[in-house]
Amino acid sequence: MSAERASQRLLKVRTVTTGITLVKDESGWADAIGKAAAFNAAAKLSFESAGFEVQTTRISTNSFEEYLPIDEAEAAVQAMHKIDGLLVEHGVGLFNAGPARTAAGVALAVDFVKLGPRISTSAHITALDTEMSLHAARAILRIAKETEGGEGNFQFCASFNVRPGVPFFPAAFHEGASSFAIGCETSDVVAAALPDACGDLSKAQELLKRRMTEQLLPVQQLARDLSQEHALPYAGIDASIAPSPAATPLTDSFESLRLGKFGESGTLALCALVTSALKELKVDTCGYSGLMLPPLEDMGLARRANERCYRINDLLMYSAVCGLGLDTVPVPGDVAEERLQALFLDIAALAFRLNKPLSARLFPVPGKAAGEMTTFKNPFLCNARVFDV
């Protein structure tokens with residue numbers, strides 16, 4: 010690779026996420042949200058001035074169960090509606106209300122998502138928790154039925170062993186004093202590294218580590234400078250390989266290593282290769298810092314799903330070595346809640362047995378059966394074959 014290409018900005022800043030802690034006293038909400046929004050605006054300007062594309066800025070909070078009256082559903086929804094008004098007032102496009110930890114909280118999460126596109130949340134599930142797994146399944150099915158095209162599930166997930174400080178939604182949440190973290194879109198970095206290895210796997214891992222470090226160090230320096238300038242702690246960069254429909258497909262990069270199509274034998278080894286490179290980065294990392302494999306956000310993953318090269322259980326197997334779990338996976342609109350419950354128990358087993366953060370963002374597609382194509386109009390989603398559960 011030429012020095013010129015190596016110095017190019019191959020990554021985008023997917024998100025600058027500022028975490029704040031809210032309390033039951035509503036009088037402090039406007040100030041907390043306003044300060045976070047002001048910092049995000051300054052951070053966006055700083056990164057853009059340095060030549061980075063900044064796609065979003067976001068705010069995450071502690072669990073909404075800590076600052077809303079969850080035992081009074083109507084009052085809780087009214088309070089979240091007030092927060093939504095503050096988001097509009099301060100120009101905040103994306104806000105995470107933190108995880109639901111109880112059955113009452115999960116039921117409210119559906120109502121929060123229905124308030125509009127700004128608010129995301131999650132359901133926190135522990136190992137062998139059949140009750141919360143079932144409540145999360147019911148919430149996902151409600152959102153599928155009660156939001157247009159079921160796309161409200163873009164704002165909700167089940168989370169397993171996820172710790173505070175993840176900048177990516179919808180599993181993000183915050184605890185303690187305010188801080189910020191960075192999440193990047195890095196598919197093009199992978200595309201610039203793996204093909205140059207010419208099938209040599211050890212070389213591929215080393216090249217990816219080097220390219221990622223080259224691209225992330227300037228982000229790290231800018232973040233450290235922002236932290237000092239604004240007296241706001243910097244939590245790190247989630248170095249996850251996060252694709253998008255407009256980026257170079259991850260499958261192209263994987264298949265350049267000559268082990269066949271994505272989903273065939275060898276895919277697990279390549280997932281482990283990529284994740285190992287990320288875990289060895291000499292930068293400030295946080296969050297998942299793993300490999301994301303979202304079928305509805307990567308054109309190549311969608312294509313291989315359409316060819317039936319992999320199934321949900323394959324994605325779970327890859328999660329054992331690469332992180333994240335199941336992200337933007339379309340499933341039948343009439344899937345039984347018990348099937349989703351069982352799937353969540355499988356993910357919880359992986360997350361807690363291997364001590365890694367995982368999440369599940371599933372899209373039951375109204376009117377679609379396994380094997381049929383989705384018909385999303387959302388520019389941030391690809392269309393793919395509906396997976397069987």
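If you're matching positions, the sequence shown starts at 10 in our numbering and goes up one per residue.
Positions of the beta carbon are idealized from the N, C-alpha and C atoms, including for glycine.
Classification of residue i by the beta-carbon crowding that lies within 10 angstroms, buried from 16 upward
| i | result |
| --- | --- |
| glutamine 237 | exposed |
| lysine 288 | exposed |
| glycine 376 | exposed |
| glycine 272 | buried |
| glycine 269 | exposed |
| valine 115 | buried |
| leucine 96 | buried |
| glutamine 87 | exposed |
| leucine 241 | buried |
Closest by C-alpha distance to residue i, when choosing among the options
| i | options | result |
| --- | --- | --- |
| glutamate 184 | Gly332, Ser69 and Phe389 | Ser69 |
| valine 101 | Lys53, Leu19, Leu287 and Glu62 | Lys53 |
| alanine 244 | Arg172, Met221 and Glu273 | Arg172 |
| glutamine 17 | Asn315, Val395 and Thr222 | Thr222 |
| valine 22 | Ala181, Ala190 and Ala148 | Ala190 |
| glycine 60 | Gly296, Glu157, Leu231 and Arg147 | Leu231 |
| glutamine 350 | Ala145, Glu35 and Ser36 | Ala145 |
| leucine 143 | Ile250, Ser129, Ala314 and Thr111 | Thr111 |
| alanine 407 | Phe73, Ala51 and Glu140 | The requested residue 407 is not part of the displayed model; the chain covers only 10 to 398. |
| aspartate 307 | Thr195, Gly269 and Gly275 | Thr195 |
| leucine 137 | Leu19, Ala358 and Glu98 | Ala358 |
| histidine 98 | Ala46, Gly125 and Gly272 | According to the sequence shown, residue 98 is glutamate rather than histidine. Residue Ala46 is the option with its Cα nearest to glutamate 98. |
| serine 58 | Pro78, Pro227 and Ala240 | Pro227 |
| valine 122 | Thr139, Cys166 and Ile134 | Cys166 |
| threonine 384 | Arg147, Glu157 and Ile29 | Glu157 |
| aspartate 293 | Ile246, Leu266, Met301 and Ser328 | Ile246 |
Three-state secondary structure (DSSP) of residue i
| i | result |
| --- | --- |
| serine 274 | coil |
| valine 25 | strand |
| threonine 195 | coil |
| phenylalanine 48 | helix |
| phenylalanine 169 | strand |
| methionine 141 | helix |
| histidine 133 | strand |
| proline 339 | strand |
| phenylalanine 182 | coil |
| cysteine 121 | The sequence given here has phenylalanine at residue 121, not cysteine. Reduced to three states, the DSSP call for phenylalanine 121 is helix. |
| glutamate 13 | Only weak support exists for where glutamate 13 lies, its pLDDT of 42 falling under 50; the value from the coordinates is given anyway. Glutamate 13 falls in the helix class under three-state DSSP. |
| aspartate 307 | coil |
| alanine 459 | What is shown of the chain runs 10 to 398, which leaves residue 459 out entirely. |
| threonine 294 | strand |
| phenylalanine 189 | strand |
| serine 285 | helix |
| valine 32 | coil |
Whole-number beta carbon distance between residue j and residue i, since they are thought to touch under 8 Å
| i | j | result |
| --- | --- | --- |
| proline 303 | aspartate 336 | 4 Å |
| alanine 113 | aspartate 80 | 6 Å |
| serine 249 | glycine 299 | 5 Å |
| proline 176 | glycine 334 | Not confirmed; about 16 Å, so no contact. |
| leucine 390 | cysteine 193 | At roughly 20 Å, the Cβ-Cβ gap does not stay under 8 Å, so leucine 390 and cysteine 193 are not in contact. |
| arginine 67 | threonine 135 | The Cβ separation is near 26 Å, so there is no contact. |
| asparagine 49 | threonine 30 | Wrong, their Cβ atoms sit about 16 Å apart, outside the cutoff. |
Any non-hydrogen atom of the ligand HEM within 7 Å of residue i CB
| i | result |
| --- | --- |
| glycine 299 | As presented, the structure is devoid of all ligands, the ligand HEM included, so that no description of it is given. |
Contact between the stretch 269 to 282 and the stretch 205 to 215: three or more CB pairs below 8 Å? yes
Worksheet item: Is there contact between the stretch 336 to 345 and the stretch 365 to 379, where contact requires at least three CB pairs shorter than 8 Å?
Response: yes
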